[in-house]
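Be aware that the sequence shown starts at 631, since it is given in the working numbering, and climbs by one per residue.
We put the CB at the ideal spot given by N, CA and C, even for glycine.
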Amino acid sequence: MRVGVLISGRGSNLASLIEATKVADFPAEIVTVISNKADAGGIAIARNAGIPAEVISHRDYPSREAFDAELDATLRRAGVDLVCNAGFMRILSDGFVDAWRDRQLNIHPSLLPAFKGLHVHERVLEAGCRITGCTVHFVRPAMDEGPIIAQAAVPVIPGDTVDRLADRVLAAEHRLYPMALRLVAEGRTRIVDERVLIDGEDAGAQAPLFVPAGH
Ligand code: GAR
Numbered sequence: 631m632r633v634g635v636l637i638s639g640r641g642s643n644l645a646s647l648i649e650a651t652k653v654a655d656f657p658a659e660i661v662t663v664i665s666n667k668a669d670a671g672g673i674a675i676a677r678n679a680g681i682p683a684e685v686i687s688h689r690d691y692p693s694r695e696a697f698d699a700e701l702d703a704t705l706r707r708a709g710v711d712l713v714c715n716a717g718f719m720r721i722l723s724d725g726f727v728d729a730w731r732d733r734q735l736n737i738h739p740s741l742l743p744a745f746k747g748l749h750v751h752e753r754v755l756e757a758g759c760r761i762t763g764c765t766v767h768f769v770r771p772a773m774d775e776g777p778i779i780a781q782a783a784v785p786v787i788p789g790d791t792v793d794r795l796a797d798r799v800l801a802a803e804h805r806l807y808p809m810a811l812r813l814v815a816e817g818r819t820r821i822v823d824e825r826v827l828i829d830g831e832d833a834g835a836q837a838p839l840f841v842p843a844g845h
C-alpha cells in the first residue's frame, strides 16, 4: 500500500512510521510526505530517509478548498492509496475528507472521543483523569472523529506535568500508529456501522489496546 503522510511539525510520528516500514514484511511504504509548514522538522526526517517531501503552504491558497485541492492533486500524482495524518494541524474540507473516505487515518493524543482538539494533556490533567492515551482512527469530516482502529492506554501519574505526560503518551503513539497502519494495510480492518472490526481476532479482542511496558 502506498502511503502519503501529512505533517505540520516535529514529525516524530512520521519517524516511527518510517522505521516501521523498513521492516521487510511491512505491508506499506511511504511514498510522499507533505507539510503545510515550511519549518516542519518532519521534512528533514523524510528527506534523510530518502522519501520525497514537499511543502504546500496553506497561506499560498485563497481558500481551504483551494489548498485541499492542491493537497489532493499532489497525493494522487504520487499514487497514494492511503493518507496518514501525523500531527497535521489543519482542518480539512468535507470534500477532501469524503474523497479519501476510509483511506485516511489520523492519530490523536487522547482516548477519543474524550479530549478532541488542542491542549489535550493540559485538559486531561485539569480534569484529574487517572488514565489517558492515544487513538488512531479513520478520518471523518468532524475534527478528531471517526471509526477507531486502535487505542493505547497510558496512566496519569501523580505529579505529572504536561510535558511528562505528553512524552509518555507520545511514546505510546509511536507504537500505536505503526500497529494500526499495519492492520489497515493488511486489509484486516472493516468498517461496519461506523465501527472498526478487525479480521483475525476473536470477538473479545476486537480493539487492540495496550499499556506501554514500564508504566
Ligand atoms: C502528536 O502528539 C499527535 O498525536 C498530535 O500532534 C502531535 C504531533 O507530533 N496530533 C493532534 O493533536 C491531531 N489532533 P509529531 O509531529 O512529533 O508527530
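So is residue i buried or exposed if we call it buried at 16+ other beta carbons inside 10 Å?
| i | result |
| --- | --- |
| R707 | exposed |
| R825 | exposed |
| T791 | exposed |
| P808 | buried |
| R798 | buried |
| E803 | buried |
| S693 | exposed |
| N678 | exposed |
| K667 | buried |
| V822 | exposed |
| V653 | exposed |
| G634 | buried |
| A674 | exposed |
Taking Cβ positions, are residue i and residue j nearer each other than 8 Å?
| i | j | result |
| --- | --- | --- |
| L755 | L795 | yes |
| V727 | S740 | no |
| R632 | E659 | yes |
| F718 | S638 | yes |
| A645 | V663 | no |
| T819 | L813 | yes |
| A783 | L806 | no |
| I737 | N643 | yes |
If you run the structure through DSSP and keep just helix, strand and coil, what is residue i?
| i | result |
| --- | --- |
| A772 | coil |
| A815 | helix |
| H749 | coil |
| G725 | helix |
| V799 | helix |
| V633 | strand |
| V786 | coil |
| A780 | strand |
| R794 | helix |
| R805 | helix |
| A742 | A quick correction: the sequence has Leu, not Ala, at residue 742. The answer is coil: DSSP assigns L742 none of H, G, I, E or B. |
| G830 | coil |
| A843 | Only weak support is given to the placement of A843: the predicted model assigns it a pLDDT of 47, under 50, and the value that follows is read from those uncertain coordinates. A843: coil per DSSP, three-state reduction. |
Just to confirm, does residue i get its C-beta within under 7 Å of one of the non-hydrogen atoms of ligand 1?
| i | result |
| --- | --- |
| L644 | yes |
| E803 | yes |
| I737 | yes |
| A716 | yes |
| L755 | no |
| D774 | yes |
| L741 | no |
| R640 | yes |
Start-end ranges of the beta strand (DSSP E) lying completely within the stretch 649-713, minimum 3 residues: 659-665, 683-685
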